[in-house]
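Remarks on the structure that follows.
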Amino acid sequence: MMGIVVSVMILLCALLFGYLSRQNVVDPKPIWWTALVYVVIYGVIPVLLLFLYKDIGPRFYWFNVVEYDRGISPYSSFLVILSYICISLSYVYGPNVSGSGVIRGINKTYSRISLRSWFVFAFITQLASLYFLKLYTSQRGASLYVLLQNAGRLRNGESIVGVNDASWTFLSYATCSIFASAVISAIYSEVRSYKTSDNIKTGLFISMLISIGITLLILWLKAGRLHLFNFIVLIFIILTRRVRWQTRLIFAILGFALGYLILTSGKSLFGVQTSNDNVTYFSKIADAASEFGFPVMSLELTTHSVNILWRFFIDYALAPIYVFGLPISAFVFGFVPELQESVAKINTVAFLGTYSSGEIPVDIVTLGYYNMGVIGVVITSLIFGFAMKSINSVFSEHNNPIVSAVKYMIIIYFISVGIMYADPVNFLRDSFYIWMPLLVIAIGSPTLKSRRNIVDVGKSR
């Protein structure tokens with residue numbers, strides 16, 4: 001029952017570091033959100049898997065590689081608690097980069113851009129996303145309806161009659177729609193309180209709904225439940241920024257129900273058969289828990305069952321080579337050089353003996369252990385905490401609705417994907433929709449700086 005011990009210890013640490021963060025004038029929310037994710041994947045899920053292990057469906061046959069008759073081990077529990085403490089220490093007491101001239105320059109670059117320019121950029125980004133979506137559907141050679149029906153099966157690598165095999169690259173580029181929807185939603189959330197034309201507010205509201213609809217369509221095709229869940233959480237935070245707590249509570253309850261449906265039944269929603277013919281209530285819970293059981297299973301296998309060679313943080317260097325170098329090499333020279341396998345591939349081979357049918361992700365604690373054992377866990381966690389603190393420094397303009405929305409988008413990505421899917425290669429690749437728009441804005445910012453208002457009237461409220 002070490003999962004319960006882990007949960008209690010993480011929550012106690014969260015209370016302590018939440019208090020200390022306030023004393024050091026640091027936003028405590030990332031501390032609490034990180035604690036929530038840690039409690040779920042390293043505390044709650046391990047306990048559920050322990051009690052429902054016999055009800056787990058055949059899709060998770062690779063769990064049998066791990067001896068899990070007693071749940072998460074004391075050693076793995078120690079590493080998890082140590083990791084959270086290191087993240088919190090680094091976040092609260094790590095170097096403050098807000099005084100850096102570079103950081104101040106980046107902050108001013110994004111905060112001085114007018115709402116009108118942000119909207120135009122978001123509109124263009126959404127058009128680009130639709131273009132990449134069109135390229136993806138053309139590659140598949142099937143209608144959008146067929147692709148939506150079989151999104152989950154395609155993600156699992158299954159062959160569908162009438163649907164071509166295709167790369168996911170264009171669909172990954174299309175996820176920049178997330179950035180566009182966040183920006184448009186933030187603009188609407190800000191302008192709806194202005195004393196300005198109702199036509200402008202209505203136009204922004206309709207634009208927001210269309211943009212969110214496009215993003216949901218793209219995320220459905222991508223069949224990634226975590227990204228879909230993150231997007232819903234992000235939009236909720238943006239739209240409830242200026243509403244009463246009663247309204248926020250209602251939206252939170254509805255969002256929680258929808259999020260639970262996505263996380264627990266997402267595979268079925270995406271058209272994937274997830275259970276045996278003998279479906280029981282407990283087997284449904286077991287399958288839902290198993291979907292998020294890979295962090296604890298990877299950690300248990302890595303720390304107890306596998307003789308591993310330390311990677312000494314090489315994956316941080318491999319990430320840009322995989323994400324940028326290989327595509328450039330293929331385009332310019334016509335070939336792809338063979339590189340050292342990423343840590344996720346190594347982890348998959350440890351379970352399955354091959355990664356030909358996909359990868360088993362690596363969580364942040366397992367990544368740290370692969371890097372250099374206990375010391376690797378400490379260093380990896382310290383880096384993660386410092387990265388979160390740096391994000392708060394770069395996007396510290398709390399009164400700017402767009403900067404605030406972008407900050408939450410990045411932090412949500414860090415806390416969810418960065419913890420559960422921590423392989424630097426996949427982390428950098430999946431964050432394309434964040435860093436690419438920000439890079440384009442930074443390059444073109446001199447032409448975007450103007451008035452902060454989206455309308456020509458004052459922004460009195």
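Counting in full-length UniProt numbering, the sequence shown runs from 1 upward without gaps.
The beta carbon of each residue, even a glycine, is placed where N, CA and C say it ideally should be.
Quantities reported herein were computed from a predicted structural model and do not represent experimental measurements.
- Each of Arg155, Val406, Phe427 and Ile113 was checked against the Cα of Phe179, and the nearest Cα belongs to Val406.
- Of Gly358, Pro401 and Glu67, the smallest CA-CA separation from Arg112 is found for Pro401.
- The criterion of a C-beta distance shorter than 8 Å is not satisfied by Leu301 and Ser76.
- Two segments are said to touch when three or more pairs of C-beta atoms, one from each, lie closer than 8 Å; by this definition the stretch 131 to 150 does not touch the stretch 422 to 436.
- By the 16-neighbour rule on beta-carbons within 10 angstroms, Arg311 is buried.
- Per DSSP, Gly376 is one residue of the alpha helix (DSSP H) stretching across Ile364 to Val394.
- The beta carbon of Val6 lies closer than 6 Å to those of Tyr42, Gly43, Ser77 and Val80 in the same chain, with the five residues before and after it left out.
- The residues Phe335, Val336 and Pro337, in chain order, have a CB closer than 7 Å to that of Ser329 in the same chain once the five nearest residues on each side in sequence are set aside.
- Between the C-alpha atoms of Tyr38 and Thr380 there is a straight-line separation of about 15 Å.
- Closest by C-alpha distance to Gly71, out of Ser290, Tyr93 and Val296, is Val296.
- Nearest neighbour of Ala14 by Cα position, chosen from Gly3, Glu67, Thr34 and Gln23, turns out to be Thr34.
- In the three-state reduction of the DSSP assignment, Ile113 falls in the strand class.
- Taking Tyr413 as the centre and dropping the five residues before and after it, the same chain places the C-beta of Asn230, Ser431 and Ile434 closer than 7 Å to its C-beta, in chain order.
- By the Cβ rule, the stretch 164 to 182 counts as touching the stretch 122 to 133, because three or more pairs are nearer than 8 Å.
- Between Ser90 and Phe386, the C-beta gap is smaller than 8 Å, which places the two residues in contact.
- A distance below 8 Å separates the beta carbons of Ser290 and Phe60.
- In the displayed model, Ala317 falls within a helix according to three-state DSSP.
- The alpha carbon of Ile364 has as its nearest neighbour, out of Ile415, Leu115, Lys108 and Thr109, the alpha carbon of Ile415.
- Spanning the alpha carbons of Ser283 and Phe384 requires a straight line of approximately 35 Å.
- When only Cα atoms are considered, Leu309 and Asn64 end up about 23 Å apart.
- For Asn199, the uninterrupted alpha helix (DSSP H) run begins and ends at Asp198 to Lys222, by DSSP.
- Rounded to whole angstroms, Phe395 and Ser73 show a C-alpha spacing of 39 Å.
- The Cβ neighbour count for Asp198, taken over all protein chains shown within 10 Å, is under 16; the residue is labelled exposed.
- For Tyr75, the enclosing alpha helix (DSSP H) starts and ends at Pro74 to Tyr93.
- Tyr194 has its alpha-carbon roughly 20 Å from the corresponding atom of Ile237.
- DSSP places Asp55 within a helical segment (H, G or I) once states are collapsed to three.
- Cβ atoms of Ile214 and Leu130 come within 8 Å of each other, at about 7 Å.
- With distances taken between CA atoms, Tyr84 lies nearest to Leu16 out of Val25, Leu16 and Ser114.
- Between Ala344 and Val332, the C-beta spacing is not below 8 Å.
- DSSP, read as helix, strand or coil, puts Lys345 in helix.
- With contacts defined by Cβ atoms closer than 8 Å, Leu226 and Val417 form a contacting pair.
- A straight-line Cα-Cα distance of about 11 Å links Trp62 and Ile56.
- Bounds of the alpha helix (DSSP H) holding Phe229 are Arg225 to Leu239.
- When Ser172, Asn156 and Phe119 are compared, the shortest CA-CA separation from Ile184 is found for Phe119.
- With respect to Arg22, Pro28 sits close: the two C-beta atoms are nearer than 8 Å.
- Ranked by how close their Cα comes to the Cα of Leu438, the residues Ile419, Tyr421, Leu239 and Ile391 have Ile391 in first place.
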